[in-house]
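In what follows, a structure is listed as structure tokens, so that the remarks can point back to it.
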Amino acid sequence: MAQPYDEIPDRRAIVRRRTLEEALAHLVEDLPDGGEPPRPPVLALLRDALAKGRAEIRRRFEEPGPLKNDGPAVLIATSYLMDQIIRVLFDFADQHAYPAANPSAAERLGVVATGGYGRGELAPLSDIDLLFLRPYKQTPRGEQIVEFMLYLLWDLGLKVGHATRTVDESLRYAERDQTIRTALLEARYLWGDRALFDELQRGFAQKFYVGDGRDFVDAKLVERDQRHQRMGDSRYVVEPNVKEGKGGLRDLHLLFWIAKYLYRVSEPGELVAKGVLTREEARHFERAERFLSTVRCHIHYLTGRADDRLSFDLQREIAARLGYQDRPGSRGVERFTKHYYLHAKTVGDLTRIFVAALEDSRRRKPKLAALWQSLRPRELEGFRLDGERLAVASPDAFTKDPVAILRLFHVAQENDLDIHPATLRLITQNIRLVDRLRNDPEANRLFMEMLTSRHDPETTLRRLNEAGVFGRFVPDFGRVVAQTQHDMYHTYTVDEHTIRAIGILSKIESGALKEDHPMSADVVHKVVSRPVLYLAVLLHDIAKGRGGDHSVLGADVAMQLGPRLGLSAAETETVAWLVRYHLAMSGTSFQRDLMDPKTIETFAALVQSPERLRLLLVLTVCDIRAVGPNVWNNWKAALLRQLYNATEQVLSGGTLGGGRAERIKQIQAEVARRLPGWSEADKEAHFARGYASYWLSFPVETLVRQAELVRGAERAKQPLAIEHRVDDERSVTEVTIYTLDTHGLFARLAGAMAISGANIVDAKIFTLANGMALDTFWIQDLEGKPFDGPQRLARLAARVELSLSNRLDIQRELDSQRASWPKRDRVFTVEPRVLIDNNASDAFTVIEVNGRDRPGFLHVVTRALTRLNLQIATAHVTTYGERAVDVFYVKDLFGLKVVNTDKLKQISTTVEAAIRDFDSRFDPVAKAAE
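In my numbering, the protein residues as written are 70 to 999.
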């Protein structure tokens, strides 16, 4: 917290008050009596002093030296600089702007710093809060001085929160408003009449430093909870607010406010003497405050404004400034954010400890011994029940029986109880005892029961994690605590993602998410071994951050951990397989053609059994849902269902529907049945237009709609026909386009859709026997919802028509929209990569393209493929945050797979070059504001 100014090294290098006073006095030497001081030169002198002082403070913070990366030193130095500016300004107003030869008692005026500024912790570009104290009745001269000061401070570019009140008014407002009371709690005398400030301090103490402070404490805790809700109620968000977020500086300030209000302390260290914190806890407090303050100062300097959000574009730069360098298998920015979350967790631990101590100190003791005896706490399975919270019976309970640490959480879970903060503190002090439990059969049994419990396992696992028990009991999990991934896809740290995934699994099993996941809610009850499923979900990301393939490394962890937790060899092997292939089902569903029999056959060969298929489906759903909001959608659900059903049919001994010719005959017969108004000749003509692959690529309902579209266009002799259908169930809009097939058609259509703000998630491209193209696209808006609305769809149709008639300059349109893309996203780069697979399909060469997702990316890639004389049959588009993974099923001009080695190499180099050229058009990451 605040430090005395005499600890600031060479503080006169920041600002020399006397020199500044003399320079200002010189400006008014020749001013006649009653003349108004010249504002522009006064403002120029103050502005120069402020700029030079800030520059000196920043230099010390950023350049090598003893104060480099010392956030608290910046806060106290900035407070000192602002103090001196305000003191000089007050004296100038009092003595030169509005002098009084013999000021009366009514003209007294005191200047008081409040809030963070009053605490002596002013961030580089934060607002300043001032209270002007006046006697009972203010005079015009006092009002003029205040007004003169405020206008000059505003002209200096400062944001000033201010109030002008008497002592009585200040105390009366503080009684009604907790925010004002908190501001006065941190009030610090700045300049002017000291007697008014002393009177305020005495009045505040007499009025508020009485009783147990219950109303103030309760109000501050409610305020904290509301603030957490506004900020996302998690300390593990990817772009945390360093000041207001959960585990941020404001939570530390809250502890200090309550401590000062109840214990009259001014430093965290003083709480040790009061018995509220241990010496080690006080050190944790100071370390967390130093780290968070330092990060906040960097944010202010880099953005050039009072911003407290640790955004993506700042994380990498601040990590480098704090000395976090990339290492093999470990990125500096991810280690930095991990340390941030660990400090935020420390703040949470301190809050819990502090509140526990507070409750104990505020507990009223009964006056009569008999009453005390009657209120003896109840017991529950060896633990003490304190209200609705579980506590240990004695301070040495854990040293006598270390397994009691896990049993405590187990009993709390089974009885829907919270755990007393004092007991959690005792666990922290005895955390090393957990190391002895790893091979204890009873401890492992309790852990598995908590993991697989039907009583909210998510909350219990989070409690174990918050207490530090989880990472000690399962050291591999400890390695991913606060582990981040510096990208736009993963919203949470690995440990938080994992615990949320367990929560989703529990809700699917209980039926709470049946409406969202009907298939999983049904399948989960057919799973033979619940422990296998729960452990697989727990371990699926256990090896992230180790530098290798986390799926492979995670499978090794599962093989070691399964037997320890009581699983049989067969169960352990299944868990390891699930961890090894936990991305297989989503990868196949989203990046392969599910109408291609080879896709289903290959996936079925990998899965091998219906039980594994059921397990993998539920694991995949839990994994995707736990990544973050807006990642799961109905389109992904539909693809997973389609893959599951087709694979289940194969694994159950069935086939994908007889011979190819027989299947086509059955499909055409069903289509014909659903076209009652068509003549036989019209039906036969339409069936002759489509090649065999076309009839096997769509459901019958889609084929019927397309038949009507084609016949209508042919009869009207339309060169272009467009039909759209919003599919809310799958969260997509299906757009079908019937037009003359031309070279580069797909690329032009992709460009028109990008300009219109539509994301293509899937596409099937067919050329009919009459030379016309029948292309179907499944599109979403930028939020992953159906691309709908009459105006948007009309604009899309107009742009498609313009692009097909070569009247739309796609590149120029995309360039004009580039400025609207969020600049903070530019910090992310994705190295272009092209993978070619000739084994994934019997009829097509499969090309997978990875790159930085931007509007127009698909257009650029398909244009490159077109120029290579490749025919695109289907496209499957998936995005993972900033990464796009586009998969194309292609043939050469002769309708054959591409097998020539030189041609395959040319495809890779040409597409990669096109992506690099596209990336280069976007502005490089701009240097943050200096």
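Even for Gly, the Cβ is constructed at its ideal location relative to N, Cα and C. Since the structure is predicted, the reported quantities are computational estimates derived from the model, not experimental observations.
Per-residue burial, residue i [other beta carbons within 10 Å of its own, 16 or more giving buried]
i, result
"F835", "buried"
"H412", "buried"
"Q442", "Only weak support is given to the placement of Q442: the predicted model assigns it a pLDDT of 39, under 50, and the question is left unresolved by the model."
"L582", "buried"
"N907", "exposed"
"I77", "buried"
"V903", "buried"
"F963", "exposed"
"V851", "It is worth fixing the name first, because residue 851 is Leu in this sequence and not Val. L851 comes out exposed."
"P510", "exposed"
"K469", "exposed"
"A821", "buried"
"V364", "buried"
"H928", "buried"
"V968", "exposed"
"L144", "buried"
"E60", "Residue 60 lies beyond the range of the chain shown here (70 to 999); nothing can be said about it."
Residues sharing a beta bridge with residue i, DSSP
i, result
"M822", "M822 pairs with nothing; no bridge assigned."
"R263", "According to DSSP, R263 bridges with nothing at all."
"V918", "V903, D955"
"V869", "Bridge partners of V869: none, in fact."
"Y258", "V181"
"G230", "D198"
DSSP state of residue i mapped onto helix, strand, coil
i, result
"Q207", "coil"
"F201", "strand"
"P141", "helix"
"E28", "Residue 28 is absent from the structure shown; the chain starts at 70 and stops at 999."
"N171", "coil"
"D844", "strand"
"L449", "strand"
"V830", "strand"
"T347", "coil"
"A82", "helix"
"Q394", "coil"
"L318", "helix"
"Q849", "strand"
"Q552", "coil"
"K276", "helix"
"K974", "helix"
"P788", "coil"
"R985", "helix"
"L253", "helix"
"I736", "helix"
Contact under 8 Å by Cβ, residue i with residue j
i, j, result
"A118", "V84", "yes"
"R531", "I488", "no"
"L630", "L608", "yes"
"F897", "F405", "no"
"F467", "L459", "no"
"I214", "D163", "yes"
"A953", "G920", "yes"
"A92", "L112", "no"
"I611", "F672", "no"
"L789", "T808", "yes"
"A627", "V648", "yes"
"A842", "L814", "yes"
"V915", "V956", "yes"
"P490", "I422", "yes"
"R123", "E176", "no"
"L253", "A243", "yes"
"F20", "F987", "Not covered by the structure: residue 20. The range shown for the chain is 70 to 999."
"A512", "V543", "no"
query: Is the number of C-beta pairs between the segment 980–989 and the segment 678–697 that are closer than 8 Å three or more?
result: no
message: Any contact between the segment 586–603 and the segment 674–686? By contact I mean 3 or more CB pairs, one from each, below 8 Å.
response: yes
message: I'd like to know if the segment 184–196 and the segment 360–379 are in contact, where contact means that at least 3 CB-CB pairs between them fall below 8 Å.
response: Touching, per the Cβ criterion.
- request: Check whether the segment 933–940 touches the segment 636–646, taking contact to mean three or more Cβ pairs, one atom from each stretch, closer than 8 Å.
  value: No contact exists between the segment 933–940 and the segment 636–646.
query: For the segment 653–670 against the segment 701–716, are there 3 or more C-beta pairs whose distance is under 8 Å?
result: yes
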